[in-house]
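See below for the structure under consideration.
In our numbering, the protein residues as written are 2 to 296.
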């Protein structure tokens, strides 16, 4: 039961099988959730917006006062090998494979002590897995979501492995038979459990500001680029609950969802109740970005 597959992974300088990878029980990632992670999409065997993911990894590690254990070139080398190894393990060619590269760095192994201890060797773990695309019916019909108060900590800008708050938030939508939980803090939009949220009104795409209350998704930059290319307005500012509820369209964005329309919120239709024209334009632009030569 629950046996791990024999997929390729990387742990502390060695490539091995996922089922054979072992970490100390005194690793601070296990004891405290004292670490950060990244999830990098892979389309057709190519890493997508890798530089932006590396920049966010640097920011998260700096917040935790952990020196990046690998250079960006070394991270790319590890990821590239895992992409090829994973494709080979499934009998596919890397260039025909869509995957997700998961990166995790913890502070390392030490006896239990809350202080951020110096001199530890970070634990480095990387694996690849299949990219699960959004089902066609969900893509065409849009997603049902629910709302909730944002009860998580106030350092949401760190892509931390301490994800219990996100687990609780996602469980709220799961229990309601919905895809995501759209959260509000003090009456203003923050984000969803595992996605950023976008409000479309009058041809402009609005998002929450880049501050400590929101994880800046890699799609922040991409959505802005797509809006400019499509002649759409783009603005980041605090958005009230009423603005969200009165939106022409609502969108989710994440590595796995790409960009996805919300068509029902708390049981009520969003806009016309079907994916709207701004969503269609952004989704089409996203597909072009995936095949662009520069990543």
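Even glycine gets a Cβ: it sits at the ideal position worked out from N, Cα and C.
If you're wondering where the values come from, they're calculated on a predicted model, not measured in any experiment.
Cα-Cα, which of 184, 27, 81 and 13 is closest to residue 51?
-> 81
State the Cα-Cα distance for the pair residue 169 and residue 73, rounded to the nearest angstrom.
-> 33 Å
Measure the CB-CB distance between residue 252 and residue 261 and report whether it falls below 9 Å.
-> Yes. Within cutoff.
For residue 175, three-class secondary structure by DSSP = helix
Bridge partner(s) assigned by DSSP for residue 189 = 186 and 241
So what does DSSP say about residue 127, is it helix, strand or coil?
-> strand
Measure the beta-carbon distance from residue 8 to residue 130 and round it to whole angstroms, keeping in mind my assumption that it falls under 8 Å.
-> 7 Å
Have a look at 185, 241 and 233 and flag the residue whose alpha-carbon is nearest the alpha-carbon of residue 214.
-> 185
On the DSSP bridge assignment, give the partners of residue 1 in chain order.
-> Within the shown structure, residues of the chain are numbered from 2 to 296, placing residue 1 beyond reach of any answer.
Through-space distance from residue 11 to residue 128, alpha-carbon basis | Straight-line measurement puts the Cα of residue 11 at about 6 Å from the Cα of residue 128.
Residue from 191, 146 and 197 with nearest C-alpha to residue 172 | Comparing Cα positions, the closest option is 146.
The region 62 to 71 touching the region 219 to 230, judged by at least three CB pairs closer than 8 Å = no
State the DSSP-derived secondary structure class of residue 279, mapped to helix, strand or coil.
-> helix
Residue 61 beta carbon near the ligand NAD (any heavy atom closer than 8 Å) | Absence of the ligand NAD is noted for the structure shown, with no ligands found whatsoever.
Indicate whether residue 108 and residue 30 have their beta-carbon atoms separated by less than 9 Å.
-> Yes.
Could you give the distance in angstroms between the alpha-carbon of residue 84 and the alpha-carbon of residue 187?
-> 43 Å
Is it true that the region 138 to 145 meets the region 175 to 184, where meeting means three or more beta-carbon pairs spaced less than 8 Å apart?
-> yes
Ignore the nearest five residues each way along the sequence and tell me which others in residue 101's own chain have a CB closer than 8 Å to its CB.
-> 40, 41, 42, 43, 129, 130, 131, 132, 256 and 257
Outcome for residue 92 when other beta-carbon atoms lying within 10 angstroms are tallied against a minimum of 16 | exposed
Report the rounded CA-to-CA distance for residue 272 versus residue 125, giving the unit in angstroms.
-> 45 Å
How would you call residue 210, buried or exposed, if buried means at least 16 neighbouring beta carbons within 10 angstroms?
-> exposed
Can you tell me where the alpha helix (DSSP H) with residue 137 in it begins and where it stops?
-> For residue 137, the uninterrupted alpha helix (DSSP H) run begins and ends at 137 to 142, by DSSP.
Determine the burial state of residue 122: buried for a count of at least 16 other Cβ atoms within 10 Å of its Cβ, exposed for fewer.
-> exposed
Got a sec? Which residues, its chain only, sit under 6 Å from residue 208 by beta carbon, not counting five neighbours each side?
-> 199 and 237
Kindly indicate if chain B contains any beta-carbon less than 9 Å away from that of residue 154.
-> The structure shown has no chain B; it contains just one protein chain.
In whole angstroms, what is the alpha-carbon distance linking residue 21 and residue 162?
-> 22 Å
Determine, using beta carbons only, whether residue 135 and residue 38 come nearer to each other than 9 Å.
-> no
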